[in-house]
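Q: In my numbering, the protein residues as written are 316 to 675.
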Amino acid sequence: MATSPENEHPRKAFGWAARDSSGILSPFNFSRRENGPNDVTIQIHYCGVCHSDLHTVKNDWGFSSYPIVPGHEIVGIVTQTGSNVEKFKAGDRVGVGVIVGSCLTCNVCERDLESYCPQKIFTYGSKDWDGTVTYGGYSDKIVVHQHFVLRFPDNLPSDSGAPLLCAGITVYSPMKYYGMIEPGKHLGVAGLGGLGHVAVKFGKAFGLKVTVISTSPRKEDDAINKLGADSFVVSTDPAQLQAATGTMDYIIDTIAAVHPLAPLLGLLKMDGKLVTVGLPEKPLELPVFPLVAGRKLIGGSDFGGIKETQEMLDFCGEHNITADVEVIRLDDINTAMERLAKSDVRYRFVIDLASSLPAQ
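1. As a quick exercise: from Asp474, Thr420, Lys402, Asp335, pick the residue whose alpha carbon is nearest that of Val390.
2. Taking all protein chains shown into account, do 16 or more other C-beta atoms lie within 10 angstroms of the C-beta of Ala435, making it buried, or fewer, making it exposed?
3. From Lys404 to Gly397, what distance separates their C-alpha atoms?
4. From which residue to which residue does the beta strand (DSSP E) around Tyr565 run?
5. Is the distance from the Cβ of Thr526 to the Cβ of Ala559 below 9 Å?
6. From Glu535 to Gln358, what distance separates their C-alpha atoms?
7. Can you tell me whether Pro673 is helix, strand or coil according to DSSP?
8. Is the beta carbon of Cys365 closer than 9 Å to that of Ala482?
9. To the nearest angstrom, report how far apart Val384 and Leu510 are at their CA atoms.
10. So does the segment 581-600 actually touch the segment 435-451, counting three or more Cβ pairs closer than 8 Å?
11. Short check: CB of Asn353 to CB of Asn399, under 9 Å?
12. Do Ile528 and Gly503 have their C-beta atoms closer together than 9 Å?
13. Pull up the DSSP beta-bridge partners for Asp646, would you.
14. Pull up the DSSP beta-bridge partners for Ile414, would you.
15. Please list, in chain order, all residues of the same chain as Cys631 whose beta carbon is under 8 Å from its beta carbon, the five residues on each side excluded.
16. Who pairs with Asp667 in a beta bridge, going by DSSP?
17. Any idea what DSSP makes of Leu556, helix, strand or coil?
18. Note down, in chain order, each residue of its chain lying with its Cβ closer than 8 Å to the Cβ of Asn635, except the 5 sequence neighbours on either side.
19. Pop quiz: Ala505 and Thr569 are said to be a contact at Cβ under 8 Å. What is the actual Cβ separation, rounded to whole angstroms?
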């Protein structure tokens with residue numbers, strides 16, 4: 316007989332979980348493992364609400380296993396460390412991102428690319444080394460191997476800094492890898508949501524000219540006057556697309572819904588790069604002629620490894636980059652999920668666990 320989530324580990328924990336593909340979350344008692352020699356126990360104060368949380372609780376990608384406690388943009392305070400842990404101590408403010416484990420010995424792990432390890436363990440909905448399911452940050456506490464814990468810069472706020480642990484690194488990593496950081500070059504950011512608005516801020520910090528590409532004309536004021544973009548293109552307006560044809564060196568495509576790639580490819584100069592980081596639930600159609608005619612490149616990227624995520628957090632601390640957030644209580648999460656499905660958030664929900672849950 317299978318052990319219940321509440322009893323499979325020694326330490327009682329509490330959060331909110333989805334039980335089926337309706338995606339409705341409700342209170343959930345479960346448990347965490349004891350703090351081992353290499354572990355860090357974290358009392359969670361804030362957790363961002365990622366679009367992938369919505370996809371996962373609704374089983375949009377077809378591999379969800381219930382119950383699911385989502386959340387992989389976690390910021391909190393260390394309450395306990397194992398005997399082998401030297402980098403962190405009780406009272407430190409730390410973060411946990413998309414993964415909490417990998418083999419640490421394969422070729423990609425040795426290159427600090429744990430996010431691409433075939434044995435990576437996601438922060439929630441994944442099988443841990445002991446065979447139990449991982450539960451994420453919509454909860455009161457978490458126990459994580461020290462390698463996957465991140466130091467949070469002193470000047471980054473916990474609430475608006477939390478989304479950097481997924482949204483931030485998901486755009487920072489491809490910008491670095493694909494060379495989208497050369498001052499004076501022209502970057503297009505397709506989609507102005509949780510990822511896109513951070514990409515705009517990174518682009519400006521790297522010294523790029525930044526154009527936001529969106530289906531929503533109402534976002535133009537935010538893009539230019541609030542986020543600092545240089546220009547705005549409505550992707551459904553043929554005249555605006557024509558005027559911007561062949562002007563961009565790079566486009567980072569953050570759109571999580573099915574959308575046409577041809578208009579984006581048309582905006583690129585010769586040798587331009589279109590890098591996609593959004594995860595639509597259905598395949599996109601790839602038009603080959605614009606690629607061939609312009610010697611253009613389409614690439615993809617996942618979130619970065621632990622070393623690069625720490626680099627990104629430090630970069631954000633130096634440049635005062637945070638996400639634009641709407642802070643909610645945990646019992647408002649189902650309404651937030653409904654709004655997220657309609658793109659009704661500017662630009663990231665963050666759950667205040669510290670005030671939503673009883674004192675530890």
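From the three backbone atoms N, C-alpha and C, an ideal C-beta is built for every residue, glycine too. All of these numbers come straight from a predicted model, not from anything done at the bench.
A: Working from what's here:
1. Mapped onto the sequence shown, residue 390 falls at position 75. It is Asp474 whose Cα lies nearest to the Cα of Val390.
2. By 1-based counting over the sequence shown, the position of residue 435 is 120. Inspection of the sequence shows that residue 435 is occupied by Lys rather than by Ala. With 16 or more other Cβ atoms within 10 Å, it is buried.
3. By one-based count along the sequence shown, residue 404 stands at place 89. By one-based count along the sequence shown, residue 397 stands at place 82. Using only the alpha carbons, I get a separation of about 9 Å.
4. Numbered from its first residue, the sequence shown carries residue 565 at position 250. Residues 563-568.
5. To locate residue 526, count along the sequence shown from 1; it is residue 211. To locate residue 559, count along the sequence shown from 1; it is residue 244. Closer than 9 Å, so yes.
6. By one-based count along the sequence shown, residue 535 stands at place 220. By one-based count along the sequence shown, residue 358 stands at place 43. Each residue's alpha carbon lies about 39 Å from the other.
7. As a working mapping, residue 673 is identified with position 358 in the sequence shown. Coil.
8. Start at 1 with the first residue of the sequence shown, and residue 482 comes out as number 167. Start at 1 with the first residue of the sequence shown, and residue 365 comes out as number 50. In this structure, Cys365 lies closer than 9 Å to Ala482 by Cβ.
9. By one-based count along the sequence shown, residue 384 stands at place 69. By one-based count along the sequence shown, residue 510 stands at place 195. Approximately 22 Å, taken between the alpha carbons.
10. no
11. For the purposes of this step, residue 353 is taken as the residue at position 38 of the sequence shown. For the purposes of this step, residue 399 is taken as the residue at position 84 of the sequence shown. Contact flag set, yes.
12. Translated into the one-based positions of the sequence shown, residue 528 becomes position 213. Translated into the one-based positions of the sequence shown, residue 503 becomes position 188. Result yes, Cβ atoms of Ile528 and Gly503 sit closer than 9 Å.
13. Reading the sequence shown from its first residue, position 331 is the one you call residue 646. Asp646 is not bridged to any residue.
14. By one-based count along the sequence shown, residue 414 stands at place 99. Per DSSP, Phe437.
15. Working through the sequence shown from its first residue, we reach residue 631 at position 316. Once the five neighbours on either side are set aside, the close Cβ partners of Cys631 are Pro468, Leu471, Gly476, Leu479, Gly483, Thr637.
16. In the sequence shown, counting from the first residue as 1, residue 667 sits at position 352. According to DSSP, which records beta bridges pairwise, Asp667 is partnered with Tyr361.
17. Within the sequence shown, numbered from 1, the residue matching residue 556 stands at position 241. Leu556: helix per DSSP, three-state reduction.
18. Within the sequence shown, residue 635 is the residue found at index 320, counting from 1. Result list for Asn635: Asn470, in chain order.
19. For the purposes of this step, residue 505 is identified with residue 190 of the sequence shown, where counting begins at 1. For the purposes of this step, residue 569 is identified with residue 254 of the sequence shown, where counting begins at 1. Sure, about 6 Å apart at Cβ, within 8 Å.
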